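Asker: Numbering (my numbering), first residue to last: 3 to 682.
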Ligand SMILES: Nc1nc2c(c(=O)[nH]1)N[C@H]1C(S)=C(S)[C@@H](COP(=O)(O)OP(=O)(O)OC[C@H]3O[C@@H](n4cnc5c(=O)[nH]c(N)nc54)[C@H](O)[C@@H]3O)O[C@H]1N2
Ligand SMILES: Nc1nc2c(c(=O)[nH]1)N[C@H]1C(S)=C(S)[C@@H](COP(=O)(O)OP(=O)(O)OC[C@H]3O[C@@H](n4cnc5c(=O)[nH]c(N)nc54)[C@H](O)[C@@H]3O)O[C@H]1N2
Ligand code: SF4
Ligand SMILES: [Mo]
């Protein structure tokens with residue numbers, strides 16, 4: 003018997019979809035986690051969790067009443083949330099039988115699976131795809147709901163979107179531009195503990211329609227209109243060209259296609275730029291002066307590319323480091339994300355892509371088509387949702403929920419909580435939380451390697467994602483060794499791939515290590531892994547992707563007819579849709595609120611605190627009105643991530659989201675939605 007007072011402290015890592023990847027201390031008493039704290043040894047966390055995790059990890063995540071503890075089988079109508087508890091054997095046996103039937107009938111490609119950011123540790127975030135590859139299921143491409151346009155644009159331009167500047171090289175820069183990211187919400191410790199250090203030597207410029215907390219602490223905030231970034235980037239280049247700050251030698255040596263944009267840069271009509279971007283000319287001049295003065299970094303957020311012209315925006319912003327030679331040296335470069343492949347992880351091995359049977363059917367569909375595909379029984383016989391709460395996060399919310407009610411759609415949802423999406427499932431499978439199994443976490447900001455360490459046994463009958471899919475593979479009779487490899491073996495292989503000097507036990511002892519002893523200098527010496535070996539500003543690669551050969555100096559039109567452009571970025575109290583079910587977080591979130599500029603409120607004869615209807619062609623939402631001058635005119639700020647079922651209207655911002663795509667990668671253009679706001 004364990005002594006109920008026996009206390010130990012386990013170092014582990016937060017695996018949420020967050021730049022920070024904080025070190026955590028789990029206090030364990032009598033075998034149970036009693037408290038979750040920030041690790042003082044962790045460079046970013048510095049001993050504190052973010053406000054949301056401090057509440058949720060010590061609230062809903064430790065509350066057995068709130069968690070899923072056993073497999074559930076539907077006994078009510080779809081969406082009614084009436085289930086009975088069943089054993090793993092019964093659930094997995096039944097699911098396997100149904101999958102075999104589908105495979106032998108309509109075909110495995112009619113099994114869809116959606117997954118994303120529920121947990122981002124390497125095994126729990128990826129292992130299940132091995133199963134779906136072996137089955138030949140259709141993957142709903144996860145990045146299409148988040149950042150695919152940016153990935154595609156950076157890959158075509160620089161040859162790689164998975165690695166960027168090393169945040170440790172912040173000290174080598176004289177200027178940092180944070181373009182379309184809001185670390186004060188999406189990377190709270192980077193905001194609190196990294197930015198102030200960078201700011202000691204560097205001018206910080208924020209480019210964002212919203213004057214959020216990071217914009218407020220910047221030396222310069224370019225508060226542009228949504229979707230006008232490409233024109234703004236060209237305008238900054240115009241000034242750099244005029245002041246002789248473009249690096250002709252670098253362009254000559256490392257760039258292809260600059261000549262196709264040079265005259266447009268030189269002849270740009272600066273008088274119309276201020277009008278179309280909303281940014282005063284002096285501010286553009288100053289930004290160019292600071293960016294062109296020496297070594298400069300650009301942190302390119304994920305919010306900026308969720309626009310109908312998101313690909314064009316990203317390639318246009320990419321012209322700044324390209325034209326000034328701010329690449330290949332410490333203190334220069336661009337960061338979109340530092341993903342696992344940048345530290346040597348072989349994603350194809352991790353996902354066992356080779357197990358995929360040859361098939362005439364496409365391997366993926368876009369999240370933007372999800373509702374349509376789920377309405378059609380020829381395209382979808384079964385759906386697995388894991389690490390992903392589509393009823394809250396995906397577009398066309400009403401239509402999607404209607405499609406999830408389809409009686410003949412066999413739906414299996416894997417989650418740690420009963421969430422909006424699990425309500426519609428035929429089977430709900432309980433996942434173990436990150437405190438309950440070993441794994442690895444690779445921050446997508448810092449070049450670090452961290453251990454996620456088991457602090458306690460999985461709650462009830464829950465199992466880690468990877469174990470659920472090992473068991474389902476056995477129930478299907480899949481004998482491939484890739485589907486049975488154990489966690490310890492996989493973790494050890496991964497540590498080998500990243501070239502970590504420590505084994506898992508040693509890593510667990512320290513929590514986080516820096517990947518390499520020295521700072522990482524991406525694109526060192528101007529080595530760009532594109533077909534030409536150069537930065538491809540204009541090339542046939544772009545044309546093959548359906549884009550203009552060269553970037554365009556364009557800006558979106560302002561919304562007409564008194565409409566507002568909705569922005570729905572990260573909320574500081576939520577992690578995507580996670581935590582909305584925590585009581586103390588719900589209290590802090592308050593009523594669902596749309597924020598508008600005082601001038602728009604006055605124009606619409608609306609006052610703060612009143613109920614308003616936000617509506618467009620696809621849906622409507624009743625929310626409270628907030629008025630704030632941090633939001634520019636023509637914009638309505640309505641952050642993402644609330645649980646539809648917990649709000650009075652049964653919907654969140656995605657009920658207004660028609661699933662519009664950007665110009666690249668069939669990726670989400672969710673920040674291009676327009677609405678009207680009227681009194682309720
Ligand atoms: N309007 C609007 N919508 C958006 C966005 C936007 O900007 N605006 N952003 C989009 C973006 S960027 C993203 S990445 C997506 C994210 O959308 P989702 O992938 O839905 O994100 P989460 O809510 O983090 O995670 C989904 C679920 O995973 C569960 N989960 C947590 N841990 C585990 C685990 O260990 N195992 C399993 N099986 N489940 C677990 C959580 O309880 C949660 O229900 O949302 C997109 N939706
Ligand atoms: N607290 C919290 N943290 C999170 C998440 C969360 O939901 N909550 N989500 C996680 C996920 S999935 C992701 S992808 C990351 C995303 O984190 P970030 O990369 O910071 O991206 P977003 O929060 O989506 O949007 C950032 C900013 O883009 C701005 N933006 C919108 N349109 C435009 C535009 O046209 N031009 C410019 N310049 N800016 C624009 C928004 O105003 C917003 O301030 O955060 C992660 N971290
Ligand atoms: S969500 Fe981000 S800031 Fe919060 S504890 Fe996890 S890693 Fe740290
Ligand atoms: Mo995301």
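For glycine and all other residues, C-beta sits at the position ideal for the given N, C-alpha and C. For clarity, every value in this text was computed on a predicted model and none was experimentally measured.
(1) Mind reading off the beta-carbon distance from residue 661 to residue 398? Whole number of angstroms is fine, and I expect it under 8 Å.
(2) Starting from the Cα of residue 82, find the closest Cα among 647, 519, 198 and give me that residue.
(3) Can you tell me the Cα-Cα spacing of residue 30 and residue 351, whole angstroms?
(4) How far does the alpha helix (DSSP H) with residue 500 in it reach, from first residue to last?
(5) Are there any heavy atoms of ligand 4 lying less than 6 Å away from the beta-carbon of residue 16, as far as the coordinates show?
(6) Can you tell which of 65, 166, 75, 247 has its C-alpha closest to the C-alpha of residue 332?
(7) With DSSP run on the structure shown, which of helix, strand or coil describes residue 371?
(8) On the premise that residue 146 lies in contact with residue 455, defined as a C-beta separation below 8 Å, what is that separation, rounded to the nearest angstrom?
(9) Less than 7 Å between the C-beta atoms of residue 683 and residue 23, yes or no?
(10) DSSP three-state label for residue 727, please.
(11) Between residue 540 and residue 530, what straight-line distance do the alpha-carbon atoms span, to the nearest angstrom?
(12) Under a three-way DSSP split, which group does residue 429 fall into?
(13) Identify the residues that DSSP records as bridge partners of residue 577: which are they?
(14) Fully enclosed by the region 348-406, which alpha helix (DSSP H) runs are 4 residues long or longer?
(15) Would you be able to state if there are at least three C-beta pairs under 8 Å between the region 623-631 and the region 503-523?
(16) Rank 67, 25, 284, 374 by C-alpha distance to the C-alpha of residue 444 and give the top, closest one.
(17) Apart from the five residues on each side of it in sequence, which residues of its chain come closer than 7 Å, Cβ to Cβ, to residue 554?
(18) Is residue 306 helix, strand or coil when you go by DSSP?
(19) If I measure Cβ to Cβ from residue 199 and keep anything under 8 Å in the same chain, skipping five residues before and after, which residues do I get?
(20) Counting beta carbon pairs with one atom in the region 42-60 and one in the region 398-408, are three or more of them shorter than 8 Å?
(21) Assuming residue 325 and residue 224 make a contact with CB atoms under 8 Å, what is their CB distance in whole Å?
(22) Enumerate in chain order the residues of its own chain whose CB-to-CB distance from residue 170 is below 7 Å, with the five nearest sequence positions on each side excluded.
(23) Return helix, strand or coil for residue 538, following the three-state DSSP convention.
(24) Quick one, which of 204, 102, 641, 500 has its alpha-carbon nearest residue 582's?
(25) At which residues does the beta strand (DSSP E) containing residue 417 begin and terminate?
(26) Tell me which same chain residues have a C-beta within less than 7 Å of the C-beta of residue 235, skipping the five on either side of it?
(27) Residue 19 to residue 395, Cα distance in whole Å?
(28) Excluding the 5 residues preceding and the 5 following residue 85 in the sequence, name in chain order all residues of the same chain whose CB lies nearer than 7 Å to its CB.
(29) Which runs of the beta strand (DSSP E), 3 residues or longer, sit entirely within the region 581-631?
(30) Apply the 10 Å Cβ neighbour rule to residue 393 and answer buried if 16 or more other Cβ atoms are within range, or exposed otherwise.
(31) Check each candidate in 502, 386, 179, 569 and name the one with the smallest Cα separation from residue 291.
(32) Starting from residue 526, trace the beta strand (DSSP E) both ways and give me its first and last residue.
(33) Which of helix, strand or coil does DSSP assign to residue 563?
(34) Tell me whether residue 644 sits in a helix, a strand or coil according to DSSP, three-state version.
(35) Who are the near neighbours of residue 3 in its chain, counting only those whose CB is closer than 7 Å to its CB and skipping five residues on each side?
(36) Starting from residue 177 and walking both ways along the beta strand (DSSP E), at which residues does that stretch end?
Answerer: Taking the geometry as given:
(1) Taking the chain shown and counting its residues from 1, the one referred to as residue 661 is at position 659. Taking the chain shown and counting its residues from 1, the one referred to as residue 398 is at position 396. Rounded, the Cβ-Cβ distance is 5 Å, consistent with contact.
(2) Position 80 of the chain shown, counted from the start, is the residue given in the question as residue 82. It is 647 whose Cα lies nearest to the Cα of residue 82.
(3) Here residue 30 corresponds to residue number 28 of the chain shown, with the count starting at 1. Here residue 351 corresponds to residue number 349 of the chain shown, with the count starting at 1. Roughly 35 Å between the two C-alpha positions.
(4) For the purposes of this step, residue 500 is taken as residue 498 along the chain shown, with counting starting at 1. Counting along the chain, the alpha helix (DSSP H) containing residue 500 begins and ends at 489-500.
(5) Residue numbering aside, residue 16 sits at position 14 when the chain shown is read from its first letter. No - ligand 4 has no heavy atom lying nearer than 6 Å to the Cβ of residue 16.
(6) The residue you call residue 332 lines up with position 330 of the chain shown. Cα-wise, what sits closest to residue 332 is 166.
(7) Sequence index remark: in the chain shown, residue 371 carries index 369 (1-based). Residue 371 falls in the helix class under three-state DSSP.
(8) Within the chain shown, the letter at position 453 stands for residue 455. Within the chain shown, the letter at position 144 stands for residue 146. Going by Cβ atoms, the distance from residue 455 to residue 146 rounds to 33 Å, so no, they are not a contact pair.
(9) The question about residue 683 has no answer, for the chain in this structure spans 3 to 682.
(10) Outside the shown range of the chain, which is 3 to 682, sits residue 727, and nothing can be said about it.
(11) Numbered from 1 along the chain shown, position 538 holds the residue referred to as residue 540. Numbered from 1 along the chain shown, position 528 holds the residue referred to as residue 530. Computed Cα separation, rounded: 15 Å.
(12) For the purposes of this step, residue 429 is taken as residue 427 along the chain shown, with counting starting at 1. Correct three-state label for residue 429: strand.
(13) One-based indexing of the chain shown puts residue 577 at position 575. Note: residue 577 sits in a beta bridge opposite 580.
(14) 349-352, 372-377, 392-395, 399-406
(15) no
(16) Position 442 of the chain shown, counted from the first residue, corresponds to residue 444. Measuring from the Cα of residue 444, the nearest candidate turns out to be 25.
(17) Start at 1 with the first residue of the chain shown, and residue 554 comes out as number 552. 232, 314, listed in sequence order.
(18) Sequence index remark: in the chain shown, residue 306 carries index 304 (1-based). It is helical.
(19) Counted from its first residue, the chain shown places residue 199 at position 197. Result list for residue 199: 172, 173, in chain order.
(20) no
(21) Here residue 325 refers to the residue found at position 323 of the chain shown. Here residue 224 refers to the residue found at position 222 of the chain shown. With a Cβ gap of about 18 Å, residue 325 and residue 224 do not count as contacting.
(22) One-based indexing of the chain shown puts residue 170 at position 168. The residues are 521.
(23) Taking the first residue of the chain shown as position 1, residue 538 is located at position 536. Correct three-state label for residue 538: strand.
(24) For the purposes of this step, residue 582 is identified with residue 580 of the chain shown, where counting begins at 1. Out of 204, 102, 641, 500, 641 has the C-alpha closest to the C-alpha of residue 582.
(25) By one-based count along the chain shown, residue 417 stands at place 415. Looking at the DSSP string, the run of the beta strand (DSSP E) that includes residue 417 is 412-417.
(26) Translated into the one-based positions of the chain shown, residue 235 becomes position 233. Hits under 7 Å: 318, 319, 321, 322.
(27) As a first step, residue 19 is located in the chain shown; it is residue number 17 there, counting from the start. As a first step, residue 395 is located in the chain shown; it is residue number 393 there, counting from the start. Cα-Cα distance, rounded: 14 Å.
(28) Here the question's residue 85 lines up with position 83 in the chain shown. Cβ neighbours of residue 85 beyond the five flanking positions: 74, 75, 76, 77, 430.
(29) 595-598, 613-617, 622-629
(30) In the chain shown, counting from the first residue as 1, residue 393 sits at position 391. Result: buried.
(31) Reading the chain shown from its first residue, position 289 is the one you call residue 291. Of the listed residues, the one whose Cα sits closest to residue 291 is 179.
(32) Within the chain shown, residue 526 is the residue found at index 524, counting from 1. Segment: none, residue 526 is in no beta strand (DSSP E) and carries neither H nor E.
(33) The residue labelled residue 563 in the question sits at position 561 within the chain shown. In the structure shown, residue 563 sits in coil (DSSP, three-state: anything other than H, G, I, E or B).
(34) Here residue 644 refers to the residue found at position 642 of the chain shown. Here residue 644 sits in coil by DSSP.
(35) For the purposes of this step, residue 3 is taken as residue 1 along the chain shown, with counting starting at 1. Only weak support exists for where residue 3 lies, its pLDDT of 48 falling under 50; the value from the coordinates is given anyway. Within the same chain, residue 3 has no close Cβ partners at all.
(36) Mapped onto the chain shown, residue 177 falls at position 175. From DSSP, the beta strand (DSSP E) with residue 177 extends over 177-181.
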